[in-house]
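One structure is given here, and the rest of the page talks about it.
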Amino acid sequence: MNGQPAQPIIDTHVLLRDGDKILLSQRGGPYGYRRWHLPSGKLDQGEPLTVGAARELFEETDIKVDPDHLELRHVVHHRQDHSCERIGFFFVASQWEGTPVNKEPEKCLALQWFPDHDLPEDIIEYPSAGLYGCLNQSSALTLHGWQ
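In terms of the numbering used here, the sequence shown opens at residue 3 and continues consecutively.
Rendered as structure tokens:
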């Protein structure tokens, strides 16, 4: 260890449910191209976690959720590579309104509902760890990408 304080990127992810279905988005950017993940994004400086999660969900999907209706279910400390760490906070929206719309077609190829018992195999590993952490509720924290 080099004694330097960690400067991880803070991500928010929102698990949106409609009955037994979960909304996933298909990546259109270079990282994870054509693979699935939850609606997510980086927290802005000075922004509370739940406010950032609600903002990102709206920016990507047009779904409105009151930050007070986001329940923290899981945290993933992800090591992307030797120079980049991320901490992902995974929320479940207990109440929300709207119909999902792909508002970022330059970054997202598709939005699709999947039954929670039949999720696609090609979910990006980092968000997959958080998604299954939420669904299995076995632990509050997953360490991902660490040796």
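Quick reminder that beta carbons are idealized off the backbone N, C-alpha and C, glycines included.
In this structure residue 12 does not touch residue 40 by the C-beta definition: roughly 15 Å separates them, more than the 8 Å allowed. In this structure, DSSP gives residue 51 a helical state, which the three-state scheme calls helix. With a cutoff of 8 Å on beta-carbon distance, residue 146 and residue 93 are scored as not near each other. With a beta-carbon spacing of about 4 Å, residue 112 and residue 28 fall inside the 8 Å limit used to define contacts.
The DSSP-derived three-state label of residue 81 is strand. Residue state for residue 58 is assigned as helix, using DSSP reduced to three classes.
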